[in-house]
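Trainee: The structure follows.
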Amino acid sequence: MSDGSSRPPGRPSAGTARVPASARWRDRAAGLAGLPVALALRLLDPLMAAVQRLIGAGRMPYVFLFPNFVFFGLFVFLPIGINLVFSVTGGPALFPSERPFVGAEQYAYLFDCGSYLDPSSCREDHFWRGVSNTAVFVLFQVGTMVLVSLLTALVLNRPIRGRGFFRAVYFFPVLLSPVVVALIWKWILQRDGLLNAAITSLGGQKILFFVDPSWAMFWAVFVSVWAHMGFYTLILLAGLQAIPSDLYEAAEMDRTPRWRILWRITLPLLWPNMIVVIVLSLIKGVQTFDEVFVLTGGGPGTATLMVVQYIYETAFANQVQNFGLAAAASVVLGLVLFALTLAQLAATRMKER
Amino acid sequence: MRSVTSLITTFALGLAATTALAGPVLAQSVTLRMTWYSDGNEGEVMTDLLKRFQAENKDIAVVLDQVPFKAINENLPVQLASGQGPDIARVTDMGGLARYALDMRPHLKDPAYWEANFGPFLTWMRTAGDTKSIPGFMTQLTVTGPFVNKTLFEQAGVALPGPKATWDDWAKAVKTVADKVQAPYPLALDRSGHRFFALAVSQGAKVFDEKGEPAVIDDGFKRAAQLVYDWHKAGIMSKELWGSVSGTAYRGANDEFKNAQVVMYLSGSWQTAQFAKTVGNAFDWIAVPNPCGAGGCSSMPGGAGLMAFKATKHPEAVAKLMDYLASEKVLGEFYSRTLFVPGHLGIAKKGIEYPGASPEAAAALKVFTASAAEVAPTAYQIQGYGNSRIIFNAVISRLGQAIAGETSLDEAYKRITADVTQQIAERNKQ
Chain A
526 MSDGSSRPPG RPSAGTARVP ASARWRDRAA GLAGLPVALA LRLLDPLMAA
576 VQRLIGAGRM PYVFLFPNFV FFGLFVFLPI GINLVFSVTG GPALFPSERP
626 FVGAEQYAYL FDCGSYLDPS SCREDHFWRG VSNTAVFVLF QVGTMVLVSL
676 LTALVLNRPI RGRGFFRAVY FFPVLLSPVV VALIWKWILQ RDGLLNAAIT
726 SLGGQKILFF VDPSWAMFWA VFVSVWAHMG FYTLILLAGL QAIPSDLYEA
776 AEMDRTPRWR ILWRITLPLL WPNMIVVIVL SLIKGVQTFD EVFVLTGGGP
826 GTATLMVVQY IYETAFANQV QNFGLAAAAS VVLGLVLFAL TLAQLAATRM
876 KER
Chain B
6 MRSVTSLITT FALGLAATTA LAGPVLAQSV TLRMTWYSDG NEGEVMTDLL
56 KRFQAENKDI AVVLDQVPFK AINENLPVQL ASGQGPDIAR VTDMGGLARY
106 ALDMRPHLKD PAYWEANFGP FLTWMRTAGD TKSIPGFMTQ LTVTGPFVNK
156 TLFEQAGVAL PGPKATWDDW AKAVKTVADK VQAPYPLALD RSGHRFFALA
206 VSQGAKVFDE KGEPAVIDDG FKRAAQLVYD WHKAGIMSKE LWGSVSGTAY
256 RGANDEFKNA QVVMYLSGSW QTAQFAKTVG NAFDWIAVPN PCGAGGCSSM
306 PGGAGLMAFK ATKHPEAVAK LMDYLASEKV LGEFYSRTLF VPGHLGIAKK
356 GIEYPGASPE AAAALKVFTA SAAEVAPTAY QIQGYGNSRI IFNAVISRLG
406 QAIAGETSLD EAYKRITADV TQQIAERNKQ
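Keeping their order, the protein sequence lines are chains A and B.
Numbering-wise (my numbering), the first sequence opens with residue 526 and increments by one.
Numbering-wise (my numbering), the second sequence opens with residue 6 and increments by one.
Pasting the structure below:
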C-alpha cells in the first residue's frame with residue numbers, strides 16, 4: 526500500500542516533484558502562525574460537538590451564521606426597525622418611548638397631493654419636488670453614464686498606445702471623495718471660476734451656472750457621470766474581455782462590417798454586464814446626495830433638490846427636526862431601492878446563466 | 006548587561022515623566038465640555054479666559070470644542086435631545102434650545118447679579134411661562150445693519166444717502182454705483198430670516214396677532230417681500246444668495262464684500278471684527294444706520310448666548326465656570342477684545358472701550374450702538390419668541406423659491422403660513 530493512490534488527491538509524491546526550500550519555510554511559518562487558531566478550534570471542538578448533538582448536523586450552518594447575523598441585525602435590521610417606529614410617531618423627541626404614536630399620519634401628509642405630477646399641488650411639495658428632480662436626474666444620469674461608459678470601454682478595449690494609462694485616468698475620479706469632486710467642480714463653475722475665466726478670456730459673458738435651473742441640473746448630471754464613469758467602464762471592460770476572440774475572428778473572416786459586429790456580437794454578449802451597470806447606476810442615482818448637495822445646495826430654488834437631501838433637511842437642518850416625516854420619506858425611498866436591488870439580483874442571476 | 010540597565014533606566018524615566026504629565030490631569034476631578042462657534046476672534050479670547058479659569062480652579066478642566074456654526078444649528082439639537090450634548094454651548098437659537106437648558110440658580114454665587122445684568126435677555130433663553138430660570142448669559146448682543154463700501158461710492162461719484170434714507174433711496178444709489186464701477190452685487194442681504202425681518206419690521210410687519218400668536222403675512226411683510234422680489238428682478242440683488250440654494254440654507258456675502266464686489270451688505274454688528282481684520286486697507290468701509298420704511302428704521306436685535314444644559318453631570322462646576330465668565334471683569338475683557346456689543350447691562354451702562362479696534366471698526370460699533378436704540382418692540386418680540394426660527398426658516402425657504410422663479414409671491418405667502426402652522430404643531434406634539 527505504498528503507491529500514490531493512498532495519498533490525498535492533488536498532493537505530489539516525494540519522487541515526482543521537489544518542493545523548493547522557500548516554499549517549505551513558508552509552509553512552516555504558515556503552520557506556526559495558524560497554531561493559535563488550530564488550538565482555539567481544538568478547544569472549541571467539544572462544545573461544537575455538543576451543539577451538533579443537540580440540534581443535529583443539518584442545522585449546524587445556522588450556528589456559524591449566527592454571529593454574522595447578530596452584527597447584521599444590529600447595524601441593519603435594528604436601524605430599519607427604529608426608522609419604521611419613527612415613521613409612525615411624531616413630535617421633536619429623539620427617544621421612541623417619548624414620541625407619541627400618530628399611525629399613518631406622516632405617510633398621509635407625504636402623499637396628500639392634488640396630482641402627483643404637480644408638486645405644487647402637494648402639501649409636502651418639497652418631497653415631491655425631490656422625487657421629480659431625482660427622477661429627471663436618474664433618467665439623464667443613467668442614460669449618459671451607460672453610453673459614455675460603453676464608448677470608453679470599447680475604446681479602452683482596443684490595443685491603443687498608453688491603454689493602461691488611460692484606464693487609470695478614467696478610474697481616478699472614482700477614488701475621490703464625492704465632496705472633493707463637488708468642491709473642485711464648484712470652483713470651476715462659480716461666477717469667478719475657471720470656466721467663466723476661460724469664457725471671458727474668449728470674449729464671452731460670464732454664465733451664472735448655479736442660478737439657472739437647467740444649467741444646475743446639467744452640471745449635477747455631468748459631474749456625477751465624470752466622477753463615477755470609471756467604475757462602470759471597468760465593469761463593461763471586464764465584460765468585453767470575456768467575449769471569446771474566436772467570434773470576432775470568424776466575423777472578420779466573413780468580412781462582417783464593424784457596426785454589425787458591434788450590434789450582433791459585442792452588444793448581445795455584453796448585455797448582462799450592461800444590465801448590472803444600468804441597475805447599479807440606477808440605485809446610486811436614486812441615492813444621490815453629497816455631490817449634488819455640495820455642488821448646488823439643491824438650488825436654484827429647489828431645482829436640484831434630491832429626495833435624500835429632502836430627508837436630511839427635514840430630519841436635521843430644519844428648525845423643528847421632523848424625524849417622523851423624514852423617516853416616512855426614508856421608508857418610501859427604501860422601498861424603491863429594495864425594488865431596484867431585486868432587479869439587480871435578477872440581473873446578476875441572468876448574467877451567471 | 007549595560008544595555009539592559011540602560012533600557013530599565015529609560016523605562017523608569019519614561020514612567021516618571023508620564024506620571025508627572027498625567028498627575029495634574031488625574032488631579033482634576035471634573036471635565037466640562039463647551040461647544041463654541043466663532044465669527045471672528047472670540048474663540049481665541051475664550052481659550053485665554055478658560056486657561057485662566059483652569060489655573061485658578063485646578064479641579065475643573067474645560068475642553069473647548071470649536072465647531073462651525075452649522076454644527077450648532079444642526080448637530081447640537083440632536084446631541085441635546087439624546088442627552089449626549091456638551092455641558093455648555095454658545096448658541097443663537099436660545100428659545101429653541103430652552104427646553105434643554107439648566108436652571109443654574111441653585112448653584113450660582115449670586116443669582117441677583119445675573120437678574121440685574123442679564124434680566125431682559127434671560128427671557129430669550131426660557132421656555133414659555135418660565136419667568137425665573139437662569140440658563141446662561143449673552144456673549145454678545147447684535148443688531149442687524151448695512152455695511153457700505155465707501156470707496157466704490159467715491160469711485161462712482163455718487164453721494165451716500167443720509168441717515169434717514171429709505172430702502173428705495175439706498176436701492177437706487179447702490180444700483181447706480183454698481184453700474185458705474187461694474188460691481189456684481191449692488192445690494193446683498195444675508196439669506197437669513199433674521200436679516201429679512203430687519204427689512205420687514207421697517208416696512209411695518211407685525212408678525213403676531215393680538216393674542217401673540219404668529220400671523221406672519223400682513224401688509225408690512227408683503228411690502229418687504231415685494232421689495233426683495235423686485236430687487237432681484239431689477240438686478241439690484243443677485244440670485245446667487247437667495248435664489249441659488251434650496252430650503253433653509255444660510256448664505257452670507259462676507260467673501261464678496263471683502264473682495265469689494267458688494268456695494269451695500271445688510272448683515273450685522275457681529276461682522277465688524279471680521280471686516281476690520283480681513284478688509285484692512287483694501288478699501289474704506291462703513292456701517293450705516295438701518296434704512297427706513299413705512300414702519301420706521303428698526304433693525305433686528307439678536308445675539309449669541311452661552312447656555313448651560315441640564316444633561317450635565319456637574320452642575321456645580323458648570324455654575325462656577327459660568328459665574329467666572331459672566332463676572333463683570335472677565336466679560337468686559339471678552340467684549341472689549343472681541344469688539345462685541347455688550348449683553349451685560351452694567352457694562353453697557355458704564356460704556357466699554359475697544360482699544361484693539363481700528364478706526365473703521367470703532368466707527369461701525371458706534372453706529373450699531375445707536376441703531377440698538379431704534380429697535381422696534383415688534384423686533385424684540387420676534388427675537389424673544391421661542392418659535393422664531395420656524396418663522397425665519399419658512400420665510401427663507403419659500404421666498405427663495407419665489408425669487409428663483411418656481412412659485413409666485415402669493416403662493417409663497419400661503420406656504421409660509423402653512424409651514425409655520427405645521428411645524429409649530431409638530432413641535433408641540435408630546
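Yeah, the Cβ is synthetic: ideal placement off N, Cα and C, and Gly gets one too.
The structure displayed is predicted, hence computed values, not measured ones.
Among A/I803, A/I786, A/L761 and A/V819, which residue has its Cα nearest to the Cα of A/S702?
Mentor: One-based indexing of the first sequence puts residue 702 of chain A at position 177. Of the candidates A/I803, A/I786, A/L761 and A/V819, the one whose C-alpha sits nearest the C-alpha of A/S702 is A/V819.
Trainee: For the region 372-400 of chain B, enumerate the residues whose C-beta is nearer than 7 Å to any C-beta of chain A, in chain order.
Mentor: Within the region 372-400 of chain B, the qualifying residues are R394, I395 and N398.
Trainee: Between which two residues does the alpha helix (DSSP H) carrying B/I357 extend?
Mentor: Looking up residue 357 of chain B in the second sequence gives position 352. Segment: none, B/I357 is in no alpha helix (DSSP H) and carries neither H nor E.
Trainee: Output, in sequence order along the chain, the residues in the region 711-735 of chain A whose CB is closer than 8 Å to any CB in chain B.
Mentor: R716, L733 and F735
Trainee: Tell me the start and end of each unbroken beta strand (DSSP E) in the region 47-91 of chain B that is at least 3 residues and wholly inside, in chain order.
Mentor: 65-71
Trainee: Could you please give the first and the last residue of the uninterrupted alpha helix (DSSP H) stretch that includes B/N433?
Mentor: For this step, residue 433 of chain B is matched to residue 428 along the second sequence. L414 to N433 is the span of the alpha helix (DSSP H), which, as asked, contains B/N433.
Trainee: Does the beta carbon of A/P853 sit closer than 8 Å to a beta carbon anywhere in chain B?
Mentor: Numbered from 1 along the first sequence, position 328 holds the residue referred to as residue 853 of chain A. According to the sequence provided, residue 853 of chain A is Ala. The question's Pro does not apply to it. Not one beta carbon of chain B lies nearer than 8 Å to the beta carbon of A/A853.
Trainee: In chain order, what residues of the same chain have a beta carbon less than 7 Å from the beta carbon of B/G308, not counting five sequence neighbours either side?
Mentor: Reading the second sequence from its first residue, position 303 is the one you call residue 308 of chain B. Excluding sequence neighbours, B/G308 sits near M143, Q145, L146, T147 and G348.
Trainee: Comparing the C-beta of B/Q160 with each C-beta of chain A, is any distance below 8 Å?
Mentor: For the purposes of this step, residue 160 of chain B is identified with residue 155 of the second sequence, where counting begins at 1. Not closer than 8 Å to any Cβ of chain A, the Cβ of B/Q160 fails to qualify, so no.
Trainee: If you reduce the DSSP assignment to three classes, tell me which class A/V736 lands in.
Mentor: The residue given as residue 736 of chain A occupies position 211 in the first sequence. Residue state, collapsed to three classes: coil.
Trainee: B/Q435: buried (16+ other C-beta within 10 angstroms of its C-beta) or exposed?
Mentor: Counted from its first residue, the second sequence places residue 435 of chain B at position 430. So B/Q435 counts as exposed.
Trainee: Using a cut-off of 9 Å between C-beta atoms, extract the partners of A/L830 located in chain B.
Mentor: Stepping through the first sequence from its first residue, residue 830 of chain A is reached at position 305. By Cβ distance, chain B contributes S251 and G252.
Trainee: What residues in its chain sit with their C-beta under 8 Å from that of A/Y695, if we drop five residues either side in the sequence?
Mentor: Numbered from its first residue, the first sequence carries residue 695 of chain A at position 170. Excluding sequence neighbours, A/Y695 sits near T677, L681, M754, G755 and T758.
Trainee: Listing by chain order, which chain B residues have their CB less than 7 Å from the CB of A/V845?
Mentor: Residue mapping note: residue 845 of chain A aligns to position 320 of the first sequence, counting from 1. Those within 7 Å of A/V845 in chain B are I395, Q428, E431 and R432.
Trainee: Could you tell me whether the Cβ of A/T827 comes closer than 8 Å to any Cβ of chain B?
Mentor: Counting from 1 along the first sequence, the entry for residue 827 of chain A is found at position 302. Any Cβ of chain B closer than 8 Å to the Cβ of A/T827 would place that residue at the interface, and such an atom is present.
Trainee: Closest to A/S612 by CA distance: which of A/A840, A/L870, A/A872 and A/T873 is it?
Mentor: In the first sequence, counting from the first residue as 1, residue 612 of chain A sits at position 87. Considering only A/A840, A/L870, A/A872 and A/T873, the residue with the shortest C-alpha distance to A/S612 is A/A840.
Trainee: Can you name the start and end residues of the beta strand (DSSP E) that B/Y190 belongs to?
Mentor: Locating residue 190 of chain B in the second sequence gives position 185, counting from the first residue. Residues Y190 to L194.
Trainee: Considering B/G307, what are the terminal residues of the beta strand (DSSP E) in which it resides?
Mentor: Residue numbering aside, residue 307 of chain B sits at position 302 when the second sequence is read from its first letter. Note, B/G307: beta strand (DSSP E), P306 to A313.
Trainee: Could you give the distance in angstroms between the alpha-carbon of B/T171 and the alpha-carbon of A/P625?
Mentor: Residue numbering aside, residue 171 of chain B sits at position 166 when the second sequence is read from its first letter. Residue numbering aside, residue 625 of chain A sits at position 100 when the first sequence is read from its first letter. Whole-angstrom Cα-Cα distance: 50 Å.
Trainee: Of the residues that make up the region 125-136 of chain B, which ones have a beta carbon closer than 9 Å to any beta carbon in chain A?
Mentor: none
Trainee: Under DSSP, the alpha helix (DSSP H) around B/P382 begins and ends at which residues?
Mentor: Position 377 of the second sequence, counted from the first residue, corresponds to residue 382 of chain B. P382 to G389 is the extent of the alpha helix (DSSP H) around B/P382.
Trainee: Using the Cβ count rule (16 or more neighbours within 10 Å means buried), how would you classify B/A27?
Mentor: Mapped onto the second sequence, residue 27 of chain B falls at position 22. Bear in mind that a pLDDT of 46 at B/A27, under 50, signals an unreliable position, so the number given afterwards is only what the model happens to contain. It counts as exposed.
Trainee: For B/K169, is the classification buried or exposed, using 16 other Cβ atoms within 10 angstroms of its Cβ as the cut-off for buried?
Mentor: Here residue 169 of chain B corresponds to residue number 164 of the second sequence, with the count starting at 1. Per the 10 Å Cβ criterion, exposed.
Trainee: When the Cα atoms are used, what is the spatial distance from A/L590 to A/R578?
Mentor: On the first sequence, position 65 is the one that residue 590 of chain A refers to. On the first sequence, position 53 is the one that residue 578 of chain A refers to. Rounded to the nearest whole angstrom, the CA to CA distance from A/L590 to A/R578 is 18 Å.
Trainee: Any C-beta of chain A within less than 8 Å: which residues of the region 85-97 of chain B qualify?
Mentor: A86 and S87
Trainee: Terminal residues of the continuous beta strand (DSSP E) containing B/I291?
Mentor: As a working mapping, residue 291 of chain B is identified with position 286 in the second sequence. Per DSSP, B/I291 belongs to the beta strand (DSSP E) from W290 to A292.
Trainee: The alpha helix (DSSP H) spanning B/G124 covers which residue range?
Mentor: Taking the first residue of the second sequence as position 1, residue 124 of chain B is located at position 119. Element bounds for B/G124: P116 to L127.
Trainee: Does the beta carbon of A/E838 come closer than 8 Å to any beta carbon on chain B?
Mentor: Indexing the first sequence from 1 puts residue 838 of chain A at position 313. For A/E838, the answer is yes, since a Cβ of chain B falls inside 8 Å of its Cβ.
Trainee: With a 10 Å radius around its C-beta and 16 neighbouring C-beta atoms as the bar for buried, classify B/P364 as buried or exposed.
Mentor: Your numbering for residue 364 of chain B matches position 359 in the second sequence. That one is exposed.
Trainee: So which residues of chain B does A/G823 contact, with C-beta pairs closer than 8 Å?
Mentor: The residue given as residue 823 of chain A occupies position 298 in the first sequence. Ordered by position in chain B, the residues that pass the 8 Å Cβ test against A/G823 are V250, S251, G252 and A254.
Trainee: On the DSSP letters alone, give me the boundaries of the beta strand (DSSP E) that B/W41 sits inside.
Mentor: Taking the first residue of the second sequence as position 1, residue 41 of chain B is located at position 36. From DSSP, the beta strand (DSSP E) with B/W41 extends over V35 to W41.
Trainee: How is B/F345 classed by DSSP in three states: helix, strand or coil?
Mentor: Position 340 of the second sequence, counted from the start, is the residue given in the question as residue 345 of chain B. Looking at B/F345 - three-state DSSP - the assignment turns out to be coil, as it is neither helix nor strand.
Trainee: Using the beta-carbon of each residue, which ones in chain B are nearer than 8 Å to A/L619?
Mentor: Residue 619 of chain A sits at position 94 when you count from the first residue of the first sequence. By Cβ distance, chain B contributes V83, A86 and S87.
Trainee: For A/A842, return the contacting residues in chain B, with the cut-off set at a CB-CB distance below 7 Å.
Mentor: As a working note, residue 842 of chain A is residue 317 in the first sequence. Under the 7 Å cutoff, chain B gives E79, G252 and T253.
Trainee: If you pair each beta-carbon of the region 741-754 of chain A with each one of the region 275-287 of chain B, do three or more pairs fall below 8 Å?
Mentor: no
Trainee: Label A/L719 either buried or exposed according to how many other C-beta atoms from any shown protein chain fall within 10 Å of its C-beta, with 16 as the threshold for buried.
Mentor: For the purposes of this step, residue 719 of chain A is identified with residue 194 of the first sequence, where counting begins at 1. Taking all protein chains shown into account, A/L719 has fewer than 16 neighbouring C-beta atoms within 10 Å of its C-beta and is therefore exposed.
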